[in-house]
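Residue numbers (my numbering): 879 to 1279.
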């Protein structure tokens, strides 16, 4: 649907609602970035408030989805024909909407089958299934809203400037931590995030409360800006790419750094040629530096929580759960996520998930932080397939538009 302009007759009526909706969406995007820093520090002393903070995004998205239903069922589909808004007064799903609805329905039915086989309670099942599906509702929310191109551009510039500001702060934070290592003992933001020495860098939490947060937020704009400017505009935008790139690097997020590497490889032919040319040198340097990198991990403070051992422990337990339930899993909301913790899933005690690692899971992170193992353990192999199918559906839709 084209959305460059609204007709003169509808502009006064539509603009107010559209701008209000736009403001809500912007608020939602910004809130998502700061959700972690708002909810985690108070989790121990005010668990209910912390839980409510992490529910806001789900409630907001579901409310927008209900708004979409209202628009489509009662207000009709808004579509542009030239300069005029055409209104369809009945439910008529777009082809793309129908495809995603079918994917969601298949995935939801499998979740119910898994629940029935395991005879689980309905409450954690509903919340567990919703946790998988909630962010796909965004697609429906925007499919019937006639967004103005200038409004989208303003939104993007606002969020880009926010990302640059947060990236600059995170870079300063890392430099300060590197220059004054003792700052880990007094700087509240680093202290609350439990910054750790990793590969020669302080893995500081950033204003978003977690290093992965700024890494992924910066990655989005790094990729979009790279696609926009390509090689012709890199020199003019060097400061922008430097800030975003350093924020990604200092986050030490494997996902963020891997995403930036893939973006550079596919979007910059010059980078691709240089990489292929120096690939043997990079491989040799990696082999020579392996022992030094390994010693950096081993040089952690005595008595500090070993996160790598925690991940290995979680992986072992997850495989045991999956091996016992390869087809249907243990059911959504029963293992690995905050839903299973809140509703005291018996799976943890059944598989001997206890001690400091369970305390860390329950009180600190709230999930096993291994998404695919959680999907396998909760939904089994078919459930994994249906979830991947659901994730790929929006990508397929974009290619067919």
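We treat Cβ as the ideally placed atom computed from N, Cα and C, and that holds for glycine.
Residue state for residue 1203 is assigned as coil, using DSSP reduced to three classes. Taking the Cα of residue 943 as reference, the smallest distance to any Cα among 1206, 1018, 1249 is reached at 1018. Closest in alpha carbon position to residue 1115, among 1223, 1100, 938, is 1100.
Closest in C-alpha terms to residue 1121, from the list 1096, 910, 1235, comes 1096.
CA-to-CA, the gap between residue 1222 and residue 1216 works out to about 10 Å. The Cβ atoms of residue 1126 and residue 1091 lie no closer than 7 Å to each other.
Residue 1196 is classed as buried because its beta carbon has at least 16 other beta carbons within 10 Å across all chains shown. If you ignore the 5 residues before and after residue 1251, its C-beta comes within less than 8 Å of the C-beta of 1192, 1193, 1196, 1197, 1200, 1214, all in its own chain and listed in chain order.
Judged by DSSP in its simplified three-state form, residue 973 adopts helix.
In this structure, the straight-line span from the alpha carbon of residue 1187 to that of residue 973 is close to 47 Å.
Within 10 angstroms of the beta-carbon of residue 993 lie 16 or more other beta-carbons, which makes it buried. In this structure, the CA atom of residue 1207 is about 31 Å from the CA atom of residue 1088.
Comparing alpha carbon positions, the residue from 976, 1220, 1046 closest to residue 932 is 1220. When the Cα atoms are used, residue 1249 and residue 1007 turn out to be separated by approximately 14 Å.
For residue 1118, the number of other beta carbons within 10 angstroms of its own is at least 16, and it is reported as buried. Excluding five sequence positions before and after residue 1204, the CB atoms of its chain that fall closer than 7 Å to its own CB belong to 1258, 1259, given in chain order. If the five residues before and after residue 1150 are omitted, its C-beta is found closer than 6 Å to the C-beta atoms of 1143, all from its own chain and listed in chain order. Under the 8 Å Cβ criterion, the stretch 1047-1056 does not count as touching the stretch 979-994, having fewer than three qualifying pairs. Counting C-beta atoms within 10 angstroms of its own C-beta, residue 1057 has fewer than 16 neighbours from the protein chains shown and is therefore classed as exposed. Scanning its chain for C-beta atoms nearer than 8 Å, with the 5 sequence neighbours on each side dropped, one finds around residue 1044 the residues 911, 1084, 1085, 1086, 1092, 1095, 1096, 1125, in chain order. Rounded to the nearest whole angstrom, the C-alpha separation of residue 988 and residue 1261 is 7 Å.
Residue 1209 places its beta carbon less than 7 Å from that of residue 996.
Going by beta carbons, residue 1104 and residue 1141 fall inside the 7 Å limit. Excluding residues up to 5 positions away in sequence, 1209, 1212 lie with their Cβ nearer than 7 Å to the Cβ of residue 998 in the same chain. In the three-state scheme derived from DSSP, where H, G and I count as helix and E and B as strand, residue 998 is classed as coil. When C-alpha distances from residue 1010 are compared across 985, 1027, 1154, the shortest belongs to 985.
Minimum Cα-Cα distance from residue 1265 among the listed residues 983, 922, 913 corresponds to 983. DSSP places residue 1236 in the uninterrupted alpha helix (DSSP H) bounded by 1233-1238. Sequence-distant partners of residue 1267 (beyond 5 residues in either direction) whose C-beta falls short of 7 Å from its own C-beta, in its chain, are 981. Residue state for residue 1256 is assigned as helix, using DSSP reduced to three classes.
In this structure, residue 920 lies near residue 928, with their beta-carbon atoms less than 7 Å apart. Within the model, the alpha-carbon separation for residue 991 versus residue 1275 is close to 27 Å. By the 16-neighbour rule on beta-carbons within 10 angstroms, residue 1041 is buried. A Cβ-Cβ separation of about 5 Å places residue 939 in contact with residue 1015 under the 8 Å criterion.
The C-alpha of residue 1273 lies about 17 Å from the C-alpha of residue 1137.
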